[in-house]
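Each residue of the sequence shown is one higher than the one before, starting from 13 at the first, in the numbering used here. C-beta atoms are modelled at their ideal positions from N, C-alpha and C, and glycine is treated no differently.
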Amino acid sequence: KMTQQMRDLQLAQARKPPGPSSPNAAKRLYRNLSGKFRVNYTSFDEGSLAGRGEKEKLRKSYLFQSNAALFEAVELQDLDRVQELLKQYSPEELDLNTPNSEGLLPLDIAIMTNNAPIARALLQAGGKESPHFMSLESRSLHLSTLVREAEQRVNELTAQVVNEAPNTDCSEKEKQLKAWEWRYRLYKRMKAGFEHARVPDAPTNVHLSVASSSSVQVTFWEPLSVNSAVVTKYKVEWSCSPTFSPRLGEAVIDKLKNLHFTIRGLVSGTAYYVQVSAYNMKGWGPPQASVPAFAIPSNWREYDGRAPRRRGQAEALDHLLGQVKTVHQHCVCHEPCKNQPQSRKHSVSKSLKHLFHPGSKFLKTLKRGLYLTAIFYKDDNILVTHEDQIPVVEIDDTYSCLLMQDFLWFTKVSCMWDEILWLRQCVTVSQSSCSCILQTRFKMLLAISQMQGLLGIQDLGQVFFEPVKDKQGNILIVTLKEVKTNQTFESVRWVPICKLQTSRKSVSSPEEPTALDTLLISIQDKLAYHQRSSHALSPGLYLGYLKLCSAVDQIRVLVPERLPNILCHVKIRSNPNISREEWEWLQKMASVEEPIPAEPEAETSQNHFFQELQVAIKELMTLVNIPLQEAKDFRLYSQEVLDFGGQVSFLLLLPPSDDVCTAPGQNNPYTPRSGFLTLPLQIFELGEER
Numbered sequence: 013k014m015t016q017q018m019r020d021l022q023l024a025q026a027r028k029p030p031g032p033s034s035p036n037a038a039k040r041l042y043r044n045l046s047g048k049f050r051v052n053y054t055s056f057d058e059g060s061l062a063g064r065g066e067k068e069k070l071r072k073s074y075l076f077q078s079n080a081a082l083f084e085a086v087e088l089q090d091l092d093r094v095q096e097l098l099k100q101y102s103p104e105e106l107d108l109n110t111p112n113s114e115g116l117l118p119l120d121i122a123i124m125t126n127n128a129p130i131a132r133a134l135l136q137a138g139g140k141e142s143p144h145f146m147s148l149e150s151r152s153l154h155l156s157t158l159v160r161e162a163e164q165r166v167n168e169l170t171a172q173v174v175n176e177a178p179n180t181d182c183s184e185k186e187k188q189l190k191a192w193e194w195r196y197r198l199y200k201r202m203k204a205g206f207e208h209a210r211v212p213d214a215p216t217n218v219h220l221s222v223a224s225s226s227s228v229q230v231t232f233w234e235p236l237s238v239n240s241a242v243v244t245k246y247k248v249e250w251s252c253s254p255t256f257s258p259r260l261g262e263a264v265i266d267k268l269k270n271l272h273f274t275i276r277g278l279v280s281g282t283a284y285y286v287q288v289s290a291y292n293m294k295g296w297g298p299p300q301a302s303v304p305a306f307a308i309p310s311n312w313r314e315y316d317g318r319a320p321r322r323r324g325q326a327e328a329l330d331h332l333l334g335q336v337k338t339v340h341q342h343c344v345c346h347e348p349c350k351n352q353p354q355s356r357k358h359s360v361s362k363s364l365k366h367l368f369h370p371g372s373k374f375l376k377t378l379k380r381g382l383y384l385t386a387i388f389y390k391d392d393n394i395l396v397t398h399e400d401q402i403p404v405v406e407i408d409d410t411y412s413c414l415l416m417q418d419f420l421w422f423t424k425v426s427c428m429w430d431e432i433l434w435l436r437q438c439v440t441v442s443q444s445s446c447s448c449i450l451q452t453r454f455k456m457l458l459a460i461s462q463m464q465g466l467l468g469i470q471d472l473g474q475v476f477f478e479p480v481k482d483k484q485g486n487i488l489i490v491t492l493k494e495v496k497t498n499q500t501f502e503s504v505r506w507v508p509i510c511k512l513q514t515s516r517k518s519v520s521s522p523e524e525p526t527a528l529d530t531l532l533i534s535i536q537d538k539l540a541y542h543q544r545s546s547h548a549l550s551p552g553l554y555l556g557y558l559k560l561c562s563a564v565d566q567i568r569v570l571v572p573e574r575l576p577n578i579l580c581h582v583k584i585r586s587n588p589n590i591s592r593e594e595w596e597w598l599q600k601m602a603s604v605e606e607p608i609p610a611e612p613e614a615e616t617s618q619n620h621f622f623q624e625l626q627v628a629i630k631e632l633m634t635l636v637n638i639p640l641q642e643a644k645d646f647r648l649y650s651q652e653v654l655d656f657g658g659q660v661s662f663l664l665l666l667p668p669s670d671d672v673c674t675a676p677g678q679n680n681p682y683t684p685r686s687g688f689l690t691l692p693l694q695i696f697e698l699g700e701e702r
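Below, the structure is given as structure tokens:
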């Protein structure tokens, strides 16, 4: 055993690397190794922490420099530089509301030098005045102190520069002297600006309107004269008394991007008086009463106690659909689905057959028939098959039925992409029927399922408002969907639209373009239509123009190209609510044959509403190219206000009864200018719902 231990010891010694040749070399080796070990050790935890600390220090230093740069830009009155810094950094990164060593904020310097553009830019970014200036006296004292200390520093540096011999130190003192002379002039200018300023005038165009049954909204403009000092905030006060005694409440508005305020929590049917005043560094200016002098919170529905048209409709439709599904749950059409597991032994052969079945792949060319194509796009790219074709599947190669009825039915099905399998199972019962319509619609459902399966996605998007046809008898139903996320699709890939159009031109016949050629030529227009049809109106009250035209198999409605999901319209005002008083006045106007114009002297909400309507009607008549003298025969739809989500509402302007819908062959002397199109009424209704 001892012998074995000696052998192990000798073997271990033989494996050791040769040691240093001298004691000094050993010490150097130890220092080097220990240094390396220390570096390696800290690189995993302490080193990474130290690295993060250094990065944080650099970041803080960089932000400190940007804060100093902002102060410098404001002092130099460099508006472009101020706007650049506000765009590049957030208010927190700039320390926008952290005072400097003199107790000043950037906004203080801007308003005391009366630099209105820079002050407005800082206010819109969230800039505030220094909290040290609690009174006029404190601001005046602070400015006097800054001027005195700067003057004293200038005198000291001047004496040093004059008495000392020229040297490097003297050159540095001269630089300091110039800097302090500039700062002394700045402080004197700020002090003079403060002393010459006065409180601002009252705000202008203070308008009061009814926002709902429990709120009123006041809008206003800046004072005509701010008296040499920028307005930094406004105060809105309200009361049930015209003398504002007692005052019910007040609100200070320091975010000046939009000069309006909504007073909420009011009592319906009660008159409220409102006034607004402006503030600058010299204090609050005089208040300005609103026009009209008071407003009564209400809504047009209170006129006859009418409930919202759509209340409970969505829930009722969901309940009805649930009932239909329950009835069909045990229908014989679902039996094949129940027996499906029994045919498991044939699954392999069926799947192999499915791979070679012509209906299981996208089509490359069109024969005479009805087809479905799905356009998915993202930015300037479009989804195509591996053969660089837009995904197309066949619906029916012997199509001969009336297209418009089937097409409109297909558009309704597009609201239920997730229910296609269930619809197929229900329609299967009638498949053996001799009805051409049922046969075609069942084939439509099959084509939808096939497209969903090949793409690996259920939602095929929105149906374009009309099919694409060619002279060879091909008809394309087109669906459009914008992809905004990194979504995965099967059997397809992304290519630029321009590349697809170029490659298609090289193989197509320009004399007789197929439906696919026509689709590619007009694809940009269709994508633009799809994007515009999903845009929403900004909140407000609008005046819409309802104009229909009929054909043999459909009724179409006139819409603007820029917003095809909305009627032709102009905006009346930003407040979507119509008060009870306004609606009552509208009912009276609608009941007389010769409306009596409102008195211009009467500052009432009804008179203001009348003026808004006059302006909107003139603008709308110009928009749709109808002479203004013809407007006397038009009428406002006075049965209801059309509400859309509570933020958008519509009044409808209707042509004379005989001209609401133009019949086929009927001459329409007033055709709208370019920028309009007519949609099938059912398509318009679906787009409106979306």
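Taking the CB atoms as reference points, tell me whether residue i and residue j lie closer together than 7 angstroms.
i: P588; j: S661; result: yes
i: L450; j: R436; result: no
i: A386; j: T491; result: yes
i: L555; j: I509; result: no
i: Y315; j: E596; result: yes
i: I489; j: S461; result: no
i: F273; j: I265; result: yes
i: D418; j: G381; result: no
i: M416; j: D565; result: yes
i: V174; j: E186; result: no
i: M463; j: L384; result: yes
i: N79; j: D107; result: yes
i: E631; j: V582; result: yes
What's the C-alpha gap between residue i and residue j?
i: G277; j: S225; result: 9 angstroms
i: A721; j: N109; result: This structure cannot speak to residue 721, because the chain is shown only from 13 to 702.
i: R93; j: L666; result: 53 angstroms
i: Q77; j: G138; result: 20 angstroms
i: I590; j: T397; result: 53 angstroms
i: S240; j: K247; result: 20 angstroms
i: A548; j: N577; result: 9 angstroms
i: Y557; j: W296; result: 46 angstroms
i: L97; j: Y199; result: 24 angstroms
i: L2; j: E163; result: The chain is shown from 13 up to 702; residue 2 falls before or after that span and cannot be answered.
i: R574; j: L663; result: 20 angstroms
i: Q484; j: I638; result: 41 angstroms
i: S221; j: N486; result: 57 angstroms
i: V405; j: L467; result: 11 angstroms
Report all residues from its chain with a CB closer than 6 angstroms to the CB of residue i; omit the five preceding and five following residues, and keep chain order.
i: W250; result: L260, G261, I275, Y284 and V286
i: A131; result: A122, I123 and V242
i: P668; result: D645
i: V653; result: W312, I590 and S661
Take residue i and list the residues in its own chain whose beta-carbon comes closer than 8 angstroms to its own, dropping the five residues that flank it on each side.
i: I567; result: L560, C561, C673, P692 and L693
i: V288; result: A214, P215, V218, V230, F232, Y246, K247, V248, E249, P299, Q300 and S302
i: E399; result: F374 and K376
i: V166; result: L189, W192, E193 and Y196
For residue i, name the three-state secondary structure that DSSP assigns.
i: Q417; result: helix
i: D266; result: coil
i: F206; result: helix
i: S257; result: coil
i: I487; result: strand
i: R568; result: strand
i: A602; result: helix
i: L549; result: coil
i: Q89; result: coil
i: Q651; result: coil
i: H154; result: helix
i: P370; result: Residue placement at P370 is flagged as unreliable, the pLDDT there being 44, under the threshold of 50; a coordinate-derived value is accordingly withheld.
i: A386; result: strand
For residue i, which residues of its own chain have a beta-carbon under 7 angstroms away from its beta-carbon, when the five flanking residues on both sides are left out?
i: L570; result: K559, C580, P684, F688 and T690
i: F422; result: M456, V475 and I489
Residue i: beta carbon under 6 angstroms from a heavy atom of the ligand ATP?
i: R453; result: Ligands are entirely absent from the displayed structure, and the ligand ATP is therefore not among its contents.
| request: Tell me, please, whether the stretch 223-237 touches the stretch 180-197 by the rule of three or more beta-carbon pairs shorter than 8 angstroms. | output: Pairwise C-beta distances place the stretch 223-237 out of contact with the stretch 180-197, as fewer than three of them are shorter than 8 angstroms.
| said: Under 8 angstroms: do the stretch 318-331 and the stretch 262-271 share three or more Cβ pairs, one atom per stretch? | reply: Remark: fewer than three beta-carbon pairs, one from each stretch, lie closer than 8 angstroms, so the stretch 318-331 and the stretch 262-271 are not flagged as touching.
| query | Pairing CB atoms from the stretch 112-120 with CB atoms from the stretch 142-159, are three or more of them under 8 angstroms? | reply | Note that the stretch 112-120 touches the stretch 142-159; at least 3 beta-carbon pairs, one per stretch, sit closer than 8 angstroms.
| task | Count the C-beta pairs between the stretch 147-162 and the stretch 199-206 that are closer than 8 angstroms, then say yes if the count reaches three, no if not. | result | In short, these stretches touch, since the Cβ pair count reaches three.
| request: Inspect the CB distances between the stretch 529-549 and the stretch 464-484 and report whether three or more fall short of 8 angstroms. | output: Contact between the stretch 529-549 and the stretch 464-484 is present, because at least three Cβ pairs lie under 8 angstroms.
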